[in-house]
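S.K.: Protein sequence lines correspond, in order, to chains E and P. Each residue of the first sequence is one higher than the one before, starting from 1 at the first, in the working numbering. Each residue of the second sequence is one higher than the one before, starting from 1001 at the first, in the working numbering.
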Amino acid sequence: MNTPSPRNVTLVTGELLGAGRAGGIGTAHSWLAIALARLGHRVEVLYYGLQAAALRKGNWMAFYERFGVVVRPVLPPDGSRKDWHWDRTTRIAERLVAAPPDVVIAQDLGAPAAASLRLRHLDLALRGTLFVVYCHGTSQWINECARRARVTDPAELASATILERSAVELADVLVSPSTYMLEWMAARGWALPAQRRVVPLLTRRAALGELASKPSSRRAGETIARLCFFGRLEERKGIGLLIAALERLDPSLLRGLELELLGAPTPTWPRKRVERALPRKARRALRSVSFASGLDQPAALLRLARPGTLVVMPALGDNSPNAIYECLELGVPFLASSAGGTSELVAPEDRERVLFEPTVDGLVEALERVLRAGTLPAPAAPAYDLEAALTAWDETVRLSPSAPSPRPEASVERIDVVVTSRGSGQRLARCLEALAHQEGVEATVVVALAGPRVPEPSELPAGVEVVRAARSTFEAARQAGLEAGAAPLVCFLDEEDVPDPDLLVTLARARASSGADVVTCGLRLREADRERVHLFLGEPGGLGVLENAYGTVALVRRSLLRDLSTAWPSEHDPDWVLLARLRLQGARIVSVPRPLVTTSRRPGTVDGAPGDALLVLEDAERALPDEADSAARLAAGLAAQAAQHASRVGQTGGGRPPRRRPLTTLALRAWRRP
Amino acid sequence: MQSKHITFVADELLGYHRCGGLGTATTLDALALAEAGHRVDMLYTGVGEETSDPEWRTRYADAGIVIRRPGELELDLAPAFLEKSLVVARNLLERAPDVVVSQDLGAPCVVALRLRELGLGLADTTFVIRCSGTRRWVAYASRKPRVLPGALAVSLLERESFELADVVVSANEYMLDWMRGQGWRLPPHEFVIPYLTRRHELGVQADGVTQTHRLAPRRLAFFGRLEVRKGIRIFLEALEALDPELLRGVEVAFFGTATAAWTPARILEDMSERVRTTLGAITFETELGRSEALAALAQPGTLVVMPSLEDNSPNTVVECVVLGLPFLASSAGGTSELVAPEDRERVLFEPTVDGLVEALERVLRAGTLPAPAAAPRAERSSLDLWLEAVAIRPRRPAAPEPKERIDVVVTSRGSGQRLARCLEALAHQEGVEATVVVALAGPRVPEPSELPAGVEVVRAARSTFEAARQAGLEAGAAPLVCFLDEEDVPDPDLLVTLARARASSGADVVTCGLRLREADRERVHLFLGEPGGLGVLENAYGTVALVRRSLLRDLSTAWPSEHDPDWVLLARLRLQGARIVSVPRPLVTTSRRPGTVDGAPGDALLVAGELERAYPEPLENLARLALAIGEPAAVAGEAGLLRRGIRAVRERGLLRTTTHAGAKMLRATRGSVP
C-alpha cells in the first residue's frame, strides 16, 4: 500500500504560543502545527506578530523544532502606514511566492493570506497551492460580539473586513471549529467555498498524542465552595451579565461561597470597576472576592481544578472557546452560555444541564438550580472526537487546490490604451516609451490631447494615434480616445504614468482568470523624496465614497464604457468617479495586489478631491434605497470632517498622530483569553 | 381678487442685518403682494430686532406690512435645529393666515407643515415654498461633500417641506429640475416666477440698454465673491490660457467680497508673472456696496465676467441685464433663463476654462464689447404669477375620525409605582378605544398588586424588551398597537393624537415627542420620523409609536436590545418600507432617553445590521462605516474636547451636539445664496 507523501504545509498566523500572550488563535495554530508535524508533514509557521523576540528568547523556537516545526518570523509591517494591513499581507505573499508550499493554512482574522489568494485568483502565482482559511472570527464578528460600534480607525476596519471576507471567499477550504461561525458568515451573504469543514480545535493532548490518557475529572456531588468566572474581564466574556445576575440572585444562595475572577482585566473593565459594580448584597453574602490574572495556562488550569470549584463562563459571543475545551478535558464542572459555537462542544445529553441562554435570566436560572442543589454538577462530556479531528486535518491538507484555469481569450483580446496628455511632452514621451515595451499583448496606443490648447507632441512612436478633445477635461479626452478605437478592452492612462513592461499582460491575464469586468493594479507613487507602494481593494463597498479604493489604472471592458461625461468635470481623480459608477452599475472589479505603474497621480480622497467625492456620492445615493439614501453623504461628511480636524492638529503641532496599532493587537485586546 | 392674509417667513429682509439675494427677493415679493391688495405680514426669523433703516421702516409701513418676530421657545429642546420651526409654527397656529410664503433654506415651516399633514392645525392655510437654494443645493453648488449630521438633518427637513407644501415658486426651471433630479417630490403646483427684484423696485424700463457696448474692452471685471463656486479659479486659469497679446494693457478688476480661501494676495500669487506683467493693471474692490459696485461696473469699456460653476438665479446677472452692462456669464444653473434666448450664445459660456477662454477670445479679438443682453420676454408678469400662486387652495389632509381600536402594551420591569402611574395616565385617555396589556418582562417581575379594571397581564418567558412586547402583542388583536414602558406617563391626548395623525397622513407608524425627565430638569425631545441614514447614529425615528399590527410579526433581534428597543424596531419597519411620521409635540413624559451610538452601541449595531440588509451589495458596509467614524475630537485625542464631546453626545445625542456646527454652516453658506 502506498503511504501518502507528506505535504509541505505553511501556517500563517500572528499569534503563537511563546510569542507573548497568545490567545485562542495562537493556541489553535501552535497545536495544529505540532499535530501536523507529528502526522508526518513538513510544517513551517510564518509568524507575523510582534513578538518574534519573545519566541527566540523563551527558547520556543527550539520547542517547535523538537516537533519538526520551523517558525519563520515575517518582518512586521510599518505600523505608521495608512495601509499597513496591505503591507503585511503582501510581505507574506512575497514569502509564499518565493517558496510555494503545498498547503497554506492561514487565520481569517487580519486576512494575512488575502494578497496571496488574490494573486492565485488572478492566475499570477501559487497555482499549485491549497489554501485553507482557519476561521476563528473576523474583525466584524469580534466587534459585533463586543457590541463595539465605534473604532479608532473605521476605514482601516472596513478595509480589514473586506480583505478578510475576500480571503474567506477565495479559499479552497474553510476549516472552522464550529458550525456557528460558518453560519454567521453565510448569514451575512459571504460566498463561502464549497469545501467547508467543521473540525474542533486540537488541544495540547491531541497535538502531543496524549489522547489515550484521560485526566482525572472532578467528582460530581462535591460541595460547591467557589464560583470562578473564567475569562477576560470584558463585556463579550459576560462580566456585565455576571454582575447583573449576582444582583438578581437570592443572596442566601451565595452565602459562604468564594467568588474568583480568573482572567485579565481590560481597559473597559479594570479590576476597580468590577469591584465597584459587584452588588453590595452579593458581596456581603460571599465569603470572599478575589482576582487572578497573568497566569499561564497550566497555572490557570490548576486553579480551575481545585475542589469545590464551579467554573462560570457567561460569554455573549464565542466561536469555540479554549476555556470550554480545557474544562471538558479536565472534567471541571462548569456552567457556560450557549452563545456562539459553545454548545457544539458539549455532548447533547449534557447541554441542558451545563449550558444557559446568554442572558441574565439564563445565568440566574442556571446558578439558582446549581446553588440550590448545593453540589457541583457532573462534568460534561465533549461532543467532539479529537482523533477524528486529527484525521480531518490530515485529509484536509491532502486536498487539491482549485486553481483557476485561464480563459482562452486571455491571449487574444486586443487592448486600446488611451493616454491623456495635458501638455507635458517629456512625461508623455516617457509614458509612451514604457508602453512600447509592453510584453505579451496586442495593444494600440491613442494619445488624447486634453483640449484645444494642448500642443501636438513633436515625436511619436510608430503606430501611436493622436486625437484631440474639444474640451480640456479628463472625461472629454478619454471620450475622444475611446471613440478612436475599437478593441474590446480599454486601458486609460495619464501622461504621468510609467507602466511596467508587464502591466497590460498582467491585467489581461487577471481579467481572463477572474472573469472580472474591470482589473486595476497597484501603484508606485512618486512623492517628494520617496516612492511608496499603494494597493487597492478593488471592491471597497461603502469605503469607496471616502476614497478611491477601486483603482486608478484599469483595464475595462469597452462595452461598459459609453458616456464618460459627469455632472461637472472631475478635478483630480477621474478614475474614482468612473470606477465607482461602474461598480454601482454592477461591474465586478478586482485589483492586482502588485504595483505595475509608477506615477505621481494620487488616488482621490473626500478631503483631497471634494468635487470628485461629491460626484461619487451622487452616484452612490442613486443606488441606495430611499429609506436610507443619506448614509453615503453622512459617512463622507463625517470622514471629511475627521480628516480636516486631524490635519489641523498635525499642522498646529498639537501632537503626533495617534499611534497606530496593528489590527491584530487591537483584535487581541478584543479576543478573550484568560 | 379676494384679499388674503399672507404671512412671509424668512430670515433675511431688506433693511435688516446681512440681507442677501434671499432677503431681497422676499422683501420685494411681499411689497408687490401688499401693493396688489393683500394683507401681508412677515415673520422675521433672522438677526436683529427691527430694521434700523428708516427708509425701509417707512416702506414697510406704507405698504401696511407688519413685521413680527416669532419669539423664543421657553423650553429646553432637542434637536435644537427644530427650535425656529417650532416657534414659527406656534405663531402661525395663533394667527392662521390664508397663505404662508416661506423660504426653503432651513425649513422654517416644516413643523407647521407637519402639523397640517397630521390634521393638527392650519388645515385652511396654503403653504408656498419660495426656492432660493436649499442647504443641499448650496453644498452641491460648492462641491462640498462635507456635511455633518445636524446639517444633514436640516436637509431632510427642507426636502420634507417641499413634499408637504402646496405650491413651489422658483425663479427658474433649473432649480425645479435639480430637485426632481435629486428624487424629491415637489408640490402639486409649480410656478416659475422670476425675481421681482430690480424691475419692480427700480422701476427700470425693460430695455435699459446703454451704448457702452460699442467701445473696446479695456477692463475685465470679475463680479462675484472671491470663491471657487463663483469661478475664481476658472477665471485665473483662463487668463493664463489666453494669448498674452489679447490681454496686453487690459485691466483686470475683482469686484466681490474676499473669502478666507481667496484673498487678493492669494490671487496675485496664483497669477503667473507673465500675466501680471502683460495686464495693464490689477485692482481689487472687495468692500463696495451693491450700488457702488454697479456704478463702477458701468464705467465705459468694462466687460463684466461672471464665471460661476453653479448658480441659481444670480442677482449679479439680473443687474447686468437690467442695467444694460456688457457681460459674459457662465451658463451654469439657472443663469441662462435670465437671458433672452437670442442673446445666450453671445453672452453665455460653458462653465469651464475652455468655455471662458473661447468667450474672452471672441470678445477680445473682435475688439468691441458685446451688446448687452436682454431679459427673456415673459408671457406673464411676475406679479400676475404670484397672484395666481397665492390663490391656490390648500391640499387638505384626509381627516376621518379615527375609529380603529388600539392595544397598548406596557412593558413592566418591576417598578410597581411607575407602572401604576403609567396605567393611571392611560386610564384617562380621551377619544379612542384602547385595551391595555401589561407585559411582565421575564419570570422574576412581580405581578402588580393592583390593576385598573380591564387591564390584562401577560408574562414573557425572558426578561428582554422584545420578549415582553411579543407576549403583549400576542395577547391582543386590535389593528393598531402602541408600545409603552412603565417609565412612560402619556398625556391624556396621546392616543387620540397619534390615531388622528395616522388617519390624516396615512402613515404606517406615528411617533411623537417626549418630555424627558432628567436629573434636575425636563426637556422636550422631538423626532424626525424618517431620518434616512442618520438613523444609524441615533434614534431619530421615535420611541412611543402607534404601529399597524400587520407590520408587527416577529419582534426578535439578533441579540436583545440593551436600551432602546424602539430604535431597532422602527429602523427595521422603515427599511421594510413603512412610512413613519412624528408628531412635533411632546405627548409623553418619561425618563427613557432615545438610543444613540455612544449610549447604546449594541442597539446601534442592530440598526446598522438592518440597514445593511437593505443596501445594494456595492455599498453594503456603508452603515457600519458611518457608525464607526468617530467624532473629530475623539480621533485627535484632544482630551478636553473629547470629554466635552462625549458627554455632550451621551447626554444630548449626536444630532443635537452637532447643531452648533450646522448653524454655523448655515450662517457661512448664507452669503453664497444669490
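Every residue, glycine too, gets a C-beta built ideally from N, C-alpha and C.
From the DSSP output, in three-state form, read off N143/E for me.
M.R.: Taking the first sequence and counting its residues from 1, one reaches residue 143/E at position 143. Three-state result, N143/E: helix.
S.K.: Can you tell which of S400/E, R287/E, A580/E, G440/E has its C-alpha closest to the C-alpha of E413/E?
M.R.: Within the first sequence, numbered from 1, the residue matching residue 413/E stands at position 413. That would be G440/E, whose Cα lies nearest to the Cα of E413/E.
S.K.: Kindly indicate which three-state DSSP category E1690/P falls into: helix, strand or coil?
M.R.: A query on residue 1690/P cannot be resolved here, the shown segment of chain P reaching from 1001 to 1674 and no further.
S.K.: Report the option in E44/E, V43/E, Q51/E, R38/E whose CA atom is closest to the CA atom of L17/E.
M.R.: Taking the first residue of the first sequence as position 1, residue 17/E is located at position 17. Selected option, being the one with the closest Cα: Q51/E.
S.K.: Output yes if chain E places a C-beta closer than 8 angstroms to the C-beta of G1675/P; else output no.
M.R.: Since the first residue of chain P shown is 1001 and the last is 1674, residue 1675/P is not available in this structure.
S.K.: Do T396/E and V175/E come within 8 angstroms of each other at the CB atom, strictly closer than that value?
M.R.: For this step, residue 175/E is matched to residue 175 along the first sequence. For this step, residue 396/E is matched to residue 396 along the first sequence. Cβ distance < 8 angstroms, so V175/E and T396/E count as in contact.
S.K.: Determine the direct distance from the alpha carbon of L1552/P to that of T1027/P, and round the result to whole angstroms.
M.R.: Locating residue 1027/P in the second sequence gives position 27, counting from the first residue. Locating residue 1552/P in the second sequence gives position 552, counting from the first residue. Distance between the alpha carbons of T1027/P and L1552/P: 50 angstroms.
S.K.: For V360/E, collect the residues of the same chain with a Cβ closer than 7 angstroms to its Cβ; drop the 5 residues on either side in sequence, then sort them by chain order.
M.R.: In the first sequence, the residue the question calls residue 360/E occupies position 360. Contacts found: L241, A244, A245, R248.
S.K.: For the stretch 360 to 382 of chain E, which residues have a CB atom closer than 7 angstroms to at least one CB atom of chain P, in sequence order?
M.R.: Those residues of the stretch 360 to 382 of chain E that come within reach of chain P (Cβ to Cβ, closer than 7 angstroms) are V360, D361.
S.K.: Please confirm if L638/E has its CB atom under 8 angstroms from at least one CB of chain P.
M.R.: On the first sequence, position 638 is the one that residue 638/E refers to. Cβ-Cβ to chain P under 8 angstroms: yes for L638/E.
S.K.: Please state the DSSP three-state secondary structure of E539/E.
M.R.: What you label residue 539/E is simply residue 539 of the first sequence in a count that begins at 1. DSSP places E539/E in coil when its eight states are reduced to three.
S.K.: Beta-carbon separation of T1125/P and A1096/P under 8 angstroms?
M.R.: Taking the second sequence and counting its residues from 1, the one referred to as residue 1125/P is at position 125. Taking the second sequence and counting its residues from 1, the one referred to as residue 1096/P is at position 96. In this structure, A1096/P lies closer than 8 angstroms to T1125/P by Cβ.
S.K.: Helix, strand or coil: how does DSSP classify Q1429/P here?
M.R.: Taking the first residue of the second sequence as position 1, residue 1429/P is located at position 429. Correct three-state label for Q1429/P: coil.
S.K.: Nearest to G1020/P by alpha carbon, out of R1180/P, G1289/P, L1495/P, E1158/P?
M.R.: Mapped onto the second sequence, residue 1020/P falls at position 20. It is G1289/P.
S.K.: For H1525/P, does the count of other Cβ atoms within 10 angstroms reach 16, so buried, or fall short, so exposed?
M.R.: For the purposes of this step, residue 1525/P is taken as residue 525 along the second sequence, with counting starting at 1. Buried, by the Cβ-count rule.
S.K.: Does chain E have any CB closer than 8 angstroms to the CB of L1454/P?
M.R.: On the second sequence, residue 1454/P is found 454 positions in, with the first residue counted as 1. Correcting the residue type first, residue 1454/P is Gly in the shown sequence and not Leu. No, no contact with chain E.
S.K.: Determine the chain E residues that contact G1442/P at a beta-carbon separation under 8 angstroms, and present them in chain order.
M.R.: To locate residue 1442/P, count along the second sequence from 1; it is residue 442. Within 8 angstroms Cβ-Cβ: D361.
S.K.: Please list the partners that S472/E has in chain P, where partner means a Cβ-to-Cβ separation under 8 angstroms.
M.R.: In the first sequence, counting from the first residue as 1, residue 472/E sits at position 472. Under the 8 angstroms cutoff, chain P gives T1352, V1353, D1354.
S.K.: Kindly say whether L11/E, judged by its beta-carbon, lies nearer than 8 angstroms to any beta-carbon of chain P.
M.R.: For the purposes of this step, residue 11/E is taken as the residue at position 11 of the first sequence. So no, L11/E is outside the interface.
S.K.: Could you check where the alpha helix (DSSP H) with V1023/P kicks off and where it finishes?
M.R.: Against the second sequence, residue 1023/P aligns to sequence position 23. In the sequence as displayed, the identity of residue 1023/P is Gly instead of Val. First-last of the alpha helix (DSSP H) with G1023/P: 1021 to 1035.
S.K.: Would you kindly work out how many angstroms separate the C-alpha atoms of G128/E and V45/E, rounded to a whole number?
M.R.: By one-based count along the first sequence, residue 128/E stands at place 128. By one-based count along the first sequence, residue 45/E stands at place 45. Each residue's alpha carbon lies about 19 angstroms from the other.
S.K.: Under 9 angstroms between beta-carbons, which chain P residues line up against E442/E? List them in chain order, please.
M.R.: The sequence position of residue 442/E within the first sequence is 442, counting from 1. Those do not exist, as E442/E stays about 32 angstroms from chain P at its closest Cβ, beyond 9 angstroms.
S.K.: Give the interface partners of N1312/P over in chain E, defined as CB-CB distance under 8 angstroms, in chain order.
M.R.: Sequence index remark: in the second sequence, residue 1312/P carries index 312 (1-based). Per Cβ cutoff of 8 angstroms: no residues; N1312/P is ~16 angstroms from chain E at best.
S.K.: Residues of the stretch 101 to 115 of chain E with a CB closer than 7 angstroms to any CB of chain C: list them in chain order, please.
M.R.: In the structure shown, chain C does not exist; the protein chains are E and P.
S.K.: According to DSSP, simplified to helix, strand and coil, what is T161/E?
M.R.: Counting from one through the first sequence, the residue named residue 161/E turns up at place 161. Helix at T161/E.
S.K.: Can you pull the chain E residues whose beta carbon is under 8 angstroms from the beta carbon of S1463/P, in chain order?
M.R.: Taking the first residue of the second sequence as position 1, residue 1463/P is located at position 463. Ordered by position in chain E, the residues that pass the 8 angstroms Cβ test against S1463/P are T359, V360, D361.
S.K.: If you count every other CB in all the chains shown that lies within 10 Å of the CB of R1396/P, and 16 or more means buried, which is it?
M.R.: Counted from its first residue, the second sequence places residue 1396/P at position 396. Result: exposed.
S.K.: Counting only Cβ-Cβ distances shorter than 7 angstroms, please list the residues of the stretch 419 to 435 of chain E near chain P, keeping chain order.
M.R.: If the cut-off is 7 angstroms between Cβ atoms, the stretch 419 to 435 of chain E has nothing near chain P.
S.K.: Which of the three DSSP states is assigned to V1436/P in this structure?
M.R.: If you number the second sequence from 1, residue 1436/P lands on position 436. Here V1436/P sits in strand by DSSP.
S.K.: Could you confirm whether any beta carbon from chain E is found closer than 8 angstroms to the beta carbon of Y1677/P?
M.R.: Chain P is shown only over 1001 to 1674; residue 1677/P falls outside these bounds and no answer can be derived.
S.K.: Closer than 7 angstroms by beta-carbon distance: list the chain E residues that pair up with G1020/P, in chain order.
M.R.: Here residue 1020/P refers to the residue found at position 20 of the second sequence. Here the premise fails: no neighbours, minimum Cβ distance about 24 angstroms.
S.K.: Check whether the Cβ atoms of V1510/P and V1583/P sit closer than 8 angstroms, and answer yes or no.
M.R.: Here residue 1510/P refers to the residue found at position 510 of the second sequence. Here residue 1583/P refers to the residue found at position 583 of the second sequence. Yes. Within cutoff.
S.K.: Between L1514/P and the rest of its own chain, which residues show a CB-CB distance below 6 angstroms, the 5 nearest in sequence each way excluded?
M.R.: The residue you call residue 1514/P lines up with position 514 of the second sequence. Result list for L1514/P: H1525, P1586, V1588, T1590, in chain order.
S.K.: Taking Cβ to Cβ, would you say I1006/P is nearer than 8 angstroms to V1047/P?
M.R.: If you number the second sequence from 1, residue 1006/P lands on position 6. If you number the second sequence from 1, residue 1047/P lands on position 47. No, these two residues do not count as a Cβ contact at 8 angstroms.
S.K.: Along chain E, in chain order, which residues have C-beta atoms closer than 9 angstroms to that of I1232/P?
M.R.: Translated into positions along the second sequence, residue 1232/P becomes position 232. By Cβ distance, chain E contributes nothing, its closest Cβ being about 14 angstroms from I1232/P, past 9 angstroms.
S.K.: With a cut-off of 8 angstroms, does the C-beta of D385/E fall near any C-beta of chain P?
M.R.: Locating residue 385/E in the first sequence gives position 385, counting from the first residue. Output row for D385/E: interface = no.
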